[in-house]
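Peer 1:
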Amino acid sequence: MRLSRFNIAALAFGLAFLYLPIVVLVIYSFNASKLVTVWGGWSTRWYTEFFNDRAMLDAAWMSARVGLVSATAATLLGTLAAVALTRGARFRGRTLMSGMLYAPLVMPEVITGLSLLLLFVALDAERGFWTVTIAHTSLTMCFVAVVVQSRLAGLDRSLEEAAMDLGCDPARAFVAVTLPLIWPAMAAGWMLAFTLSLDDLVIASFTTGPGSATLPIRIYSEVRLGVKPEINAICTLIIGFIAVLIVGASLASKLSSSRGDSAAPL
Amino acid sequence: MSARTIFTRPARRASVAPYIWMVLFFLVPFGFVLKISLSQTAIAQPPYLPLFGLTDGIAGLKAAFAALSLDSFWLLVSDNLYIASYGRSLVVALVSTALLLAIGYPIAYAMARLPRRWQGVAMMLVIVPFWTSFLIRIYAWINILQHDGLLNQILLALHIVSAPVVWLSTDSAMYLGIVYSYLPFMILPLYATLAKQDGALLEAAADLGASRLVAFWRVTFPLSLGGVGAGVLLCFIPIVGEFVIPDLLAGSDSMMIGQTLWLEFFTNKDWPVASALAIVLLALLIVPLLVYDRLQRRALEAR
Chain B
52 MRLSRFNIAA
62 LAFGLAFLYL
72 PIVVLVIYSF
82 NASKLVTVWG
92 GWSTRWYTEF
102 FNDRAMLDAA
112 WMSARVGLVS
122 ATAATLLGTL
132 AAVALTRGAR
142 FRGRTLMSGM
152 LYAPLVMPEV
162 ITGLSLLLLF
172 VALDAERGFW
182 TVTIAHTSLT
192 MCFVAVVVQS
202 RLAGLDRSLE
212 EAAMDLGCDP
222 ARAFVAVTLP
232 LIWPAMAAGW
242 MLAFTLSLDD
252 LVIASFTTGP
262 GSATLPIRIY
272 SEVRLGVKPE
282 INAICTLIIG
292 FIAVLIVGAS
302 LASKLSSSRG
312 DSAAPL
Chain R
160 MSARTIFTRP
170 ARRASVAPYI
180 WMVLFFLVPF
190 GFVLKISLSQ
200 TAIAQPPYLP
210 LFGLTDGIAG
220 LKAAFAALSL
230 DSFWLLVSDN
240 LYIASYGRSL
250 VVALVSTALL
260 LAIGYPIAYA
270 MARLPRRWQG
280 VAMMLVIVPF
290 WTSFLIRIYA
300 WINILQHDGL
310 LNQILLALHI
320 VSAPVVWLST
330 DSAMYLGIVY
340 SYLPFMILPL
350 YATLAKQDGA
360 LLEAAADLGA
370 SRLVAFWRVT
380 FPLSLGGVGA
390 GVLLCFIPIV
400 GEFVIPDLLA
410 GSDSMMIGQT
420 LWLEFFTNKD
430 WPVASALAIV
440 LLALLIVPLL
450 VYDRLQRRAL
460 EAR
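As you go down the protein sequences, you meet chains B and R in turn. Our numbering applies: residue 52 is where the first sequence begins, and numbers increase by one. Our numbering applies: residue 160 is where the second sequence begins, and numbers increase by one.
1) Given 8 Å as the limit, is there contact between the segment 296-313 of chain R and the segment 324-338 of chain R, that is, 3 or more CB pairs closer than that?
2) Identify, in the order they occur along the chain, each residue of the same chain with its Cβ nearer than 6 Å to the Cβ of Arg269 of chain B, setting aside the five sequence neighbours on each side.
3) Where Tyr207 of chain R and Trp430 of chain R are concerned, what is the direct C-alpha to C-alpha distance, given to the nearest angstrom?
4) Less than 9 Å separating the beta-carbons of Leu454 of chain R and Gly358 of chain R?
5) Is there a Cβ of chain R sitting closer than 9 Å to that of Leu167 of chain B, yes or no?
6) Could you tell me which residues DSSP puts in a beta bridge with Asn82 of chain B?
7) List the residues of chain B whose Cβ lies closer than 9 Å to the Cβ of Tyr451 of chain R, in chain order.
8) So with Cβ pairs under 9 Å, would you call Ala170 of chain R a contact of chain B?
9) Spatial neighbours of Tyr268 of chain R within its chain, please: C-beta separation below 7 Å, excluding the five flanking residues on both sides.
10) Could you please give me the residues that DSSP links to Tyr298 of chain R through a beta bridge?
11) As a quick exercise: from B:Glu100, B:Ala154, B:Trp234 and B:Met113, pick the residue whose alpha carbon is nearest that of Ser80 of chain B.
12) In chain B, which residues lie less than 8 Å from Trp300 of chain R when you measure between Cβ atoms?
13) Helix, strand or coil, according to DSSP, for Glu273 of chain B in the structure here?
14) Can you pull the chain R residues whose beta carbon is under 7 Å from the beta carbon of Gly65 of chain B, in chain order?
15) Quick check on Arg247 of chain R: buried or exposed, where buried means 16 or more other Cβ atoms within 10 Å of its Cβ?
16) Strictly below 9 Å CB to CB, what residues from chain R border Ser201 of chain B?
17) Tell me the residue span of the alpha helix (DSSP H) that contains Pro265 of chain R.
18) Beta-carbon separation of Val338 of chain R and Leu440 of chain R under 9 Å?
19) Compare the C-beta of Gly311 of chain B against all C-beta atoms of chain R and say whether one is closer than 9 Å.
20) Does the beta carbon of Asp307 of chain R come closer than 9 Å to any beta carbon on chain B?
21) Would Tyr339 of chain R count as contacting chain B if we go by Cβ distances under 9 Å?
22) Measure the alpha-carbon distance for Ile262 of chain R versus Ala255 of chain B and round it to whole angstroms.
23) From the DSSP output, in three-state form, read off His306 of chain R for me.
24) Under 9 Å between the Cβ atoms of Leu62 of chain B and Ala281 of chain R?
25) With distances taken Cα to Cα, identify the nearest neighbour of Leu266 of chain B among R:Ile404, R:Thr426, R:Lys428 and R:Phe293.
26) Taking C-alpha atoms, which residue in R:Leu372, R:Val450, R:Val378 and R:Leu443 lies nearest to Leu360 of chain R?
27) Measuring straight from C-alpha to C-alpha, what distance separates Leu197 of chain R and Val175 of chain R?
28) Near Ala214 of chain B, which residues of its chain fall below 7 Å by C-beta distance, leaving aside the five closest residues on each side in sequence?
29) Write down the C-beta distance between Val399 of chain R and Ala252 of chain R rounded to the nearest angstrom, noting that I regard them as a contact closer than 8 Å.
30) In whole angstroms, what separates the C-alpha of Leu367 of chain R from that of Val373 of chain R?
31) Suppose the cutoff is 7 Å on Cβ atoms and the five residues either side in sequence are ignored; what does the same chain contact list for Gly91 of chain B look like?
32) Go ahead and label Arg56 of chain B buried or exposed: buried means 16 or more other beta carbons lie within 10 angstroms of its beta carbon, across all protein chains shown.
33) Using only alpha-carbon positions, find the residue among B:Pro159, B:Leu190 and B:Ala135 that is nearest to Ala122 of chain B.
34) At the level of alpha carbons, what is the spacing between Phe245 of chain B and Arg178 of chain B?
35) Within 10 Å of its beta-carbon, does Ala314 of chain B have 16 or more other beta-carbons around it, so buried, or fewer, so exposed?
This is the structure:
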């Protein structure tokens, strides 16, 4: 079917709208001028500034640790949940379980953040790295579950049945047959969980304690005071980092797609 | 015996860990929100009067029931500030969702009409911004919209305006930010339903004399309503409770409920009122949440 002019215009507009602001941000991060809006030639001074900013580096380190631990925990829990929902025909509390998994996907973050904080206060837990990590795990495991679930639902079940006909017990069939087929989806889920954790401001603000700010919390407090060239540099670094992750993931899914089809897109 | 029944028991075992986790860190916390919303504000650390502990037994429970206080909820209905916040949140969410649908539908439609091998690329291009940080994307717009930002510079250079226009801290900037941030959430479910549609249906409509516009309105659109529903809920529910976008892009004269809750919690340290605000917000969203849950279940499990 030929593309109408209307369709081309819609696509071009959509993509320009999505990408232009990010391109502008990246270009301005190399601006030598202290005034963000005046172009003063190319420079990397704001990157140097960031690498000398102790508080910002600490926050970045905190975010990296929270992201790594919570994404890993979320991938394990989310995959288990996805397996239970697609492979277990019925079990008690199944409806409750899927409800608990789907609701956080759209739940306003202020509600999730506040409720988790009140739990941590009631448990008298010291707020900081672990509370943020637990909060992020609870949020991101739901995203992992959805990604893995859509992959599992598309799998041909006769493969597992064949493995069991050949003498595997269900657990063995899962490890030998299902796991190799869903690992691209698990990898995609891990990356999604990691980037969501790296991005979260609201839930982290509620659940963290004094002295352990994450990167978005630091960025947010700077942004409230206005645009600063250093923030442009930090944001560009984050965008670059995520771009590398995405390219890595699509390469990984290409590698695995020679054996099956590619990972779930989300 | 089919795989379905064979897998039931191991699947039940697989569900134990995530089940316990979600009950503990998703369901139980709501109980605490409800509990704190019914307690009284106190200048203490934490800033509320304790209601009861599990160690107090029946007598403690009775005393606790006597001490339950609806003060926070009364405050919500008696102070216009809160009602105005809820009202504004609902209006902003409705308007934004309508804008998102109007902008997202043509894009999703065009994507579904692309040649097969380009569809994957287009989908990737829509998803990638979703992976980049939410906060960064809002910040990118502040760069452009501020007083001497790029937009004003361009408008001035083209002599479209004679003096810089105030874009930041306005409702227009907020709507722009919301549409920008949530667009992928609207496009993806729409694209998913549109791409699945059988082209033969449109040919049949054309054979029966329908113009392209009529065919779209009578065939394509009704068949995409599932995607419309998913996209609308995926945007509407979180936008109602949105905090970051209105806080950074809208003016400070009227607040959305997410901002009010944030203010009560972090600035006023009034935890009971913040909790009551969360409970009412949840009550407002419970119907859309249940509908969304049903749609999601149908999409992921009924295959």
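A virtual CB, placed ideally from N, CA and C, is assigned to each residue, including glycine.
Peer 2: A quick look at the data gives this:
1) yes
2) Met107 and Ala110
3) 7 Å
4) no
5) yes
6) B:Trp93
7) Tyr153, Ala154, Leu156 and Val157
8) yes
9) Leu353
10) DSSP, once it has assigned bridges, lists no residue as partnering Tyr298 of chain R.
11) B:Glu100
12) Pro72
13) helix
14) Ile266
15) buried
16) Ala458 and Leu459
17) Asn239 to Arg272
18) no
19) In this prediction, Gly311 of chain B has a pLDDT of 42, which is less than 50 and means its spatial position is unreliable; what the coordinates show is noted afterwards. Chain R, which has no Cβ nearer than 9 Å to the Cβ of Gly311 of chain B, makes this no.
20) yes
21) yes
22) 32 Å
23) coil
24) yes
25) R:Phe293
26) R:Val378
27) 32 Å
28) Ala224, Ala227 and Val228
29) 4 Å
30) 11 Å
31) Asn82, Ala83 and Ser84
32) exposed
33) B:Leu190
34) 21 Å
35) Because the pLDDT at Ala314 of chain B is just 37, under 50, the model does not fix this residue reliably, and the value given afterwards should be weighed accordingly. The residue in question, Ala314 of chain B, is buried, as its Cβ has 16 or more Cβ neighbours within 10 Å.
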